[in-house]
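*Asks:* I'd like to ask some things about the structure below.
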Amino acid sequence: GQQLNQSPQSMFIQEGEDVSMNCTSSSIFNTWLWYKQDPGEGPVLLIALYKAGELTSNGRLTAQFGITRKDSFLNISASIPSDVGIYFCAGQGQGAQKLVFGQGTRLTINP
Amino acid sequence: NAGVMQNPRHLVRRRGQEARLRCSPVKGHSHVYWYRQLPEEGLKFMVYLQKENIIDESGMPKERFSAEFPKEGPSILRIQQVVRGDSAAYFCASSPLGGQSTDTQYFGPGTRLTVL
Chain Z
2 GQQLNQSPQS MFIQEGEDVS MNCTSSSIFN TWLWYKQDPG EGPVLLIALY KAGELTSNGR
62 LTAQFGITRK DSFLNISASI PSDVGIYFCA GQGQGAQKLV FGQGTRLTIN P
Chain S
36 NAGVMQNPRH LVRRRGQEAR LRCSPVKGHS HVYWYRQLPE EGLKFMVYLQ KENIIDESGM
96 PKERFSAEFP KEGPSILRIQ QVVRGDSAAY FCASSPLGGQ STDTQYFGPG TRLTVL
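Residue numbers (the working numbering), protein chains in the order written: chain Z, 2 to 112; chain S, 36 to 151.
Structural data, given as structure tokens:
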């Protein structure tokens, strides 16, 4: 089946640092999504990407849909304590409604 | 979480019992998805339903698991004769459009199932 490889698995950074994480796949996806999950809660959508090459920002977050359709990255600039959590990439294939999720990147911030 | 409601939030069952998980989608959404998340892992797709129809159940185990989304009322994920390996967080998502590429799935807070 389709799989997404997300890296890094975890990050420990200082408050104010920039963060970068990415997802790669052996399959093509038509949609890339980035979600954040806080402990005990469901994933919350951060950014949705629908076109190869698309670069989209949401506040301090920027994400890109890779030109090959097999990868995506998420950057967070000037991290703050509330950015702590687990970030998931998810892909959606042609004609498929189901989302395929990466394994997650756990972000920890030292004040 | 854009209004998707799930209950109960926590459910404890003994081996062999039945678990019933409920999901009320965002008002006006007619597409529901169920995902399972094991500790330290990403979410795994189980089943996709529209009102009264199962569209894709490719991620759902063939035995003991069933799902429905009736014309009236919430979607139900039912697990019969639970085993310890069923312990996980089960998330429901809903979307308004279903088949369109720009459709967005909104997730509920999940039900944490613990099987003793």
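Even glycine gets a Cβ: it sits at the ideal position worked out from N, Cα and C. If you're wondering where the values come from, they're calculated on a predicted model, not measured in any experiment.
With burial defined as no fewer than 16 other Cβ atoms inside 10 Å of the residue's Cβ, what is the status of A79 (chain Z): buried or exposed?
*Replies:* By one-based count along the first sequence, residue 79 (chain Z) stands at place 78. Exposed, since its Cβ has fewer than 16 Cβ neighbours within 10 Å.
*Asks:* Output the distance between the C-alpha atoms of E16 (chain Z) and Q65 (chain Z), rounded to the nearest integer angstrom.
*Replies:* By 1-based counting over the first sequence, the position of residue 16 (chain Z) is 15. By 1-based counting over the first sequence, the position of residue 65 (chain Z) is 64. Whole-angstrom Cα-Cα distance: 23 Å.
*Asks:* Can you give me the Cβ contacts of R71 (chain S) inside the same chain, cut-off strictly under 6 Å, excluding the 5 residues immediately before and after it?
*Replies:* On the second sequence, position 36 is the one that residue 71 (chain S) refers to. Cβ within range, chain order: K79, M81, A123 and Y125.
*Asks:* So which residues of chain Z does G143 (chain S) contact, with C-beta pairs closer than 8 Å?
*Replies:* Residue 143 (chain S) sits at position 108 when you count from the first residue of the second sequence. Per Cβ cutoff of 8 Å: G43.
*Asks:* Show which residues of chain Z have a CB atom less than 7 Å away from the CB atom of D91 (chain S).
*Replies:* Counting from 1 along the second sequence, the entry for residue 91 (chain S) is found at position 56. Within 7 Å Cβ-Cβ: Q98 and K99.
*Asks:* Would you verify that the beta carbon of Q65 (chain Z) is, or is not, closer than 8 Å to some beta carbon of chain S?
*Replies:* The residue given as residue 65 (chain Z) occupies position 64 in the first sequence. By this cut-off, Q65 (chain Z) is not an interface position.
*Asks:* Identify the residues that DSSP records as bridge partners of R113 (chain S): which are they?
*Replies:* As a position in the second sequence, residue 113 (chain S) is number 78, starting the count at 1. The partner list for R113 (chain S) (beta bridge, DSSP) reads S:R55 and S:S101.
*Asks:* Just verifying my parser: in three-state terms, what is the DSSP assignment at R84 (chain Z)?
*Replies:* For the purposes of this step, residue 84 (chain Z) is taken as residue 83 along the first sequence, with counting starting at 1. Checking the sequence, you will find Asp at residue 84 (chain Z) rather than Arg. Three-state result, D84 (chain Z): helix.
*Asks:* Is the beta carbon of W33 (chain Z) sitting closer than 8 Å to the one on L56 (chain Z)?
*Replies:* On the first sequence, residue 33 (chain Z) is found 32 positions in, with the first residue counted as 1. On the first sequence, residue 56 (chain Z) is found 55 positions in, with the first residue counted as 1. No. Outside cutoff.
*Asks:* Report the option in S:F142, S:V118 and S:E92 whose CA atom is closest to the CA atom of R49 (chain S).
*Replies:* Here residue 49 (chain S) corresponds to residue number 14 of the second sequence, with the count starting at 1. The shortest Cα separation from R49 (chain S) among S:F142, S:V118 and S:E92 belongs to S:V118.
*Asks:* For a contact meaning CB atoms closer than 9 Å, what does G86 (chain Z) contact in chain S?
*Replies:* Here residue 86 (chain Z) refers to the residue found at position 85 of the first sequence. Per Cβ cutoff of 9 Å: no residues; G86 (chain Z) is ~14 Å from chain S at best.
*Asks:* Using 8 Å as the cut-off, can you tell me whether the stretch 91-111 of chain Z makes contact with the stretch 18-36 of chain Z, which would need three or more C-beta pairs spanning the two stretches below that distance?
*Replies:* The answer is yes - the stretch 18-36 of chain Z touches the stretch 91-111 of chain Z, with three or more Cβ pairs under 8 Å.
*Asks:* Are there 16 or more other CB atoms within 10 angstroms of the CB of T146 (chain S), so buried, or fewer, so exposed?
*Replies:* Position 111 of the second sequence, counting from 1, holds the residue named residue 146 (chain S). Here T146 (chain S) is buried: its Cβ has 16 or more other Cβ atoms, across all protein chains shown, within 10 Å.
*Asks:* Between which two residues does the beta strand (DSSP E) harbouring K37 (chain Z) extend?
*Replies:* As a position in the first sequence, residue 37 (chain Z) is number 36, starting the count at 1. For K37 (chain Z), the enclosing beta strand (DSSP E) starts and ends at T32 to Q38.
*Asks:* How do the stretch 83-103 of chain S and the stretch 56-71 of chain S stand: do at least 3 beta-carbon pairs fall below 8 Å, yes or no?
*Replies:* yes
*Asks:* With the cut-off set at 8 Å, would you say R189 (chain S) and E76 (chain S) are in Cβ contact?
*Replies:* Nothing about residue 189 (chain S) can be reported from this structure: the residues present for chain S run from 36 to 151 only.
*Asks:* Since T109 (chain Z) sits in a beta bridge, which residues does DSSP pair it with?
*Replies:* The residue you call residue 109 (chain Z) lines up with position 108 of the first sequence. Note: T109 (chain Z) sits in a beta bridge opposite Z:F13.
*Asks:* Contact defined as beta carbons within less than 8 Å: I believe M12 (chain Z) pairs with L75 (chain Z). What is the distance between those atoms, to the nearest angstrom?
*Replies:* Within the first sequence, the letter at position 11 stands for residue 12 (chain Z). Within the first sequence, the letter at position 74 stands for residue 75 (chain Z). Wrong, their Cβ atoms sit about 12 Å apart, outside the cutoff.
*Asks:* By DSSP, does R70 (chain Z) sit in helix, in strand, or in coil?
*Replies:* On the first sequence, position 69 is the one that residue 70 (chain Z) refers to. Looking at R70 (chain Z) - three-state DSSP - the assignment turns out to be coil, as it is neither helix nor strand.
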